[in-house]
Each structure stands twice: as C-alpha cells, then as structure tokens.
C-alpha cells in the first residue's frame, strides 16, 4: 500500500487456478474478488452501517467490476470514489487501484492510523469457497468488528502520477 493526499493505493496479486468472474453489481461477492473493509471513524466496523465501507473489486478481462454494499449499493468506480485496473491469466489475477480519501471522509497525514482490512474471496467450481480477511470479531457488541490498523508512514507516501487523474 501507498498513499498521497488524495488516494490510498493498493495492489493485490492473487494466485487462483479456478478464476470465476461472471457476476456484476451487488452479486460480485459470489465470484473471486478482493475486498476492503474501512472504518473511517475508528470506532468499530458495524456490519451494514452507512458510516463504514465494504468495497468489492472483481478482476475482469476488460474492466474491474466494483461494488459498495453499505452505501445503498453503488459502484465506487462509477461514482468516482475509487479507480482500479486488473490483469488475469491462468495463474490468477492482479488488481491495482486507489480509494479516494475524500469519499471516505478521511483526511490523511503522516503517522495517522487508518482502520481497514483487506480480504480475498475465493470461489472454486469443485472445492467450494473461502475468504481470507484481516479483522476479528469484537465480542463487546453484536455485528461490531475491529479492523486492522494501517499507519500512514511518510516513506509510503507516493503516487504522484495520479495527481491529474
């Protein structure tokens, strides 16, 4: 991950020998995809809350399909909240993208802690499905989760090529 004043940049390289990329819109969770859970306030990620985010990015042959489930259902790419490109081959996929800080209500600065968790959802025709996600359940409240801590390091500040969009 890297960042600048406008974006949080990410790259995911996923090995997958049975890549499934069929669905669009809100149903992309039923395919292989990369997700980001974001808790902008850092007060706990509440499942389904409009103040927290679940972004999905599904690789594709031509375009990345994206969805944000908690904000009434929308594509973060179409709505200008994110950008992403992908590459697929027989070994899996790569998604490279950026989340717009302003869309998350986050104003980044060096040393700041951002609560987020990436996840990879893998579905296979014969073996079923699995999800690898970096967060854990907080038993203090129903449907509240603690997400990972990402500290915005000055050395990870980059991405000046995206300044002009």
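Numbering (the numbering used here), first residue to last: 288 to 452.
We put the beta carbon where it would ideally sit given N, CA and C, even for glycine.
Item: Which residues in the same chain as residue 412 place their Cβ atom closer than 8 Å to its Cβ, once the five residues preceding and following it in sequence are excluded?; Value: 305 and 307
Item: Please classify residue 312: does DSSP put it in a helix, a strand, or coil?; Value: helix
Item: What is the DSSP secondary structure of residue 442, counted as helix, strand or coil?; Value: helix
Item: Could you spell out where the beta strand (DSSP E) holding residue 299 opens and where it closes?; Value: 294–302
Item: Going by CA-CA distance only, name the one from 393, 303, 378 and 322 that's closest to residue 414.; Value: 303
Item: Please list the segments of the beta strand (DSSP E) lying wholly inside the stretch 305–393, counting only runs of 3 or more residues, in order along the chain.; Value: 320–326, 340–345, 352–355, 369–376 and 379–387
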